[in-house]
Amino acid sequence: MSRFEGYPFRSRWFVHPARAGLRQHYVDEGQGPPLLFVHGNPSWSYLWRRPIDALRERHRCVAPDHIGMGLSDKPTAADYPHTLASRVDDLDALTTHLITERDAPERGWTLVMHDWGGPIGMAWARRHPHRVTRLVILNTAAFPNPHGARARLPLRLPLWLLRDTALGARLILRHNLFARGATWRPLGVRRRMPASVRAAFLAPYARPEHRIAIQQFIRDIPLRPGDPAWRILYDTGRELHRFANRPALIGWGLRDPVFDPAMLTYWCHALPHARTHVYPHAGHYVLEDAHERLIPEISDFLEQDR
C-alpha cells in the first residue's frame, strides 16, 4: 500500500554529478509519448497523482521533485543554490539522463506546468524547443508580473513579509506557514482537502530543515530587474511566441489569489491558438478543485493533438 493517498508509484532517483551527488526523486510511469510534469512551490510530484494515474496507460509520465522538495534530497542553503537557473539546469540534466540512459525519446515531449513549473519548464523549453511538442499550462506564469510595479497591495504586503523579513523566514521554517496555507481554503484551494491528502502534501516538509527550498523559492521570486531570476523570466516571456504554433491547453482556476486573470490573458495573447478552460470556482491548486473536469479535458487534448 502506498504511503501517500492516491500515489502508488514507484520511486526513482537521479544522482546529480554536478550537485555533489544530490539525489532527485522522480516518478516515471507508463509507456508512450512522454509527458513532463513540473510542479511549483510548495507542492511536489504528489500534485500530479491523478493525471499520472489517468494517463499512464497511453503516455510515459515523468514527474520530478525539485531538489529540496518532495522526496528529493534536502540540502542546506549553503550546499545548493536554490535559484531558478539551478532548477532549469536540474531539469535539463534529468531529461538528458532519461533520453541517453532510460530510452526516453529526444522529441515529442508535452510539458505540463503549474506555479513555478511554468518558469522552470518554459526556460528548459527555450533551450530545447525541438523537444517540445505540446504545452499544458495550469495556473502559472513564465513572464514577469503583468501588473508590474502596480501589483495589488493586498499581495505586496504578505509577499514582502515572507520574502524579505526575518519574521517571514520564521513563519516558513519554524511554523511551515506557506505549505500549510497552500492546503487551506481560500488560499490554495476552494474545496476542502481530505485530511489524508493534506497530510500527503505536507509530509515532505515535516521538519524545519526540510522547508529551506520553500523559503528559497519565495526569496527567488523576481519583482524587479536586478533580482537573480528576473533575466531568465524576462527572456522566457519575451520568447513565448516561439511556441505559438504548438498545440496548447490552458486550464485555469479563476479563484487563485496570485495567478489572476491578467496572467491568464497574457498566456492567451502569447499562445492565441491554445484551448482555454476556466474553472470559476477553482483556486490555485486547480487539479484539486476541478480534477473531475480538468483531467478528461487534458486527456482529450492529448488524444486529439497527437
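Take the sequence shown: its position 298, counting from 1, is numbered 1026 in the numbering used here, and each next residue is one higher. Even glycine gets a Cβ: it sits at the ideal position worked out from N, Cα and C.
Alpha-carbon spacing of Leu881 relative to Glu757, whole angstroms: Here residue 881 corresponds to residue number 153 of the sequence shown, with the count starting at 1. Here residue 757 corresponds to residue number 29 of the sequence shown, with the count starting at 1. Residue placement at Leu881 is poorly supported in this model, since its pLDDT is 49, which falls under 50; the coordinates are not used for a value here.
Tell me where the alpha helix (DSSP H) around Gln752 begins and ends. Translated into the one-based positions of the sequence shown, residue 752 becomes position 24. Per DSSP, Gln752 belongs to no alpha helix (DSSP H); it is in the beta strand (DSSP E), Arg751 to Glu757.
Cβ contact check for the stretch 850-862 and the stretch 831-842: 3 or more pairs under 8 Å: Between the stretch 850-862 and the stretch 831-842 there are three or more inter-stretch CB-CB distances shorter than 8 Å, so the stretches are counted as touching.
Per-residue DSSP class, three states only, for Thr824: Working through the sequence shown from its first residue, we reach residue 824 at position 96. Three-state DSSP puts Thr824 in a helix.
Please go through the same chain and pick out, in chain order, the residues whose beta-carbon is closer than 6 Å to the beta-carbon of His787, but skip the five residues on each side of it. For the purposes of this step, residue 787 is taken as residue 59 along the sequence shown, with counting starting at 1. So the qualifying residues of the chain are Gly758, Gly760, Pro761 and Leu763.
Using 8 Å as the threshold, is the C-beta distance between Leu819 and Val790 below it? Within the sequence shown, residue 819 is the residue found at index 91, counting from 1. Within the sequence shown, residue 790 is the residue found at index 62, counting from 1. Contact flag unset, no.
According to DSSP, Ala791 sits in a beta bridge with which residue or residues? Start at 1 with the first residue of the sequence shown, and residue 791 comes out as number 63. Looking at the DSSP output, Ala791 bridges to Val755.
Hey, quick one: how far does the beta strand (DSSP E) through Thr893 stretch, first residue to last? For the purposes of this step, residue 893 is taken as residue 165 along the sequence shown, with counting starting at 1. That residue, Thr893, is in no beta strand (DSSP E); it is neither H nor E in DSSP.
Cross-strand partners of Ile1023 (DSSP beta bridge): Taking the sequence shown and counting its residues from 1, one reaches residue 1023 at position 295. Ile1023 pairs with nothing; no bridge assigned.
Buried or exposed: which applies to Trp852, given that a residue is buried once 16 or more other Cβ atoms fall within 10 Å of its Cβ? To locate residue 852, count along the sequence shown from 1; it is residue 124. Trp852 comes out buried.
Considering Val1014, what are the terminal residues of the alpha helix (DSSP H) in which it resides? Counting from 1 along the sequence shown, the entry for residue 1014 is found at position 286. Element bounds for Val1014: Val1014 to Asp1017.
Exposure of Gly846, with buried meaning 16 or more beta-carbon neighbours within 10 Å: On the sequence shown, position 118 is the one that residue 846 refers to. Counting Cβ neighbours within 10 Å, Gly846 comes out buried, since at least 16 surround it.
Exposure label - Ala907; buried when at least 16 CB within 10 Å: For this step, residue 907 is matched to residue 179 along the sequence shown. Label assigned to Ala907: buried.
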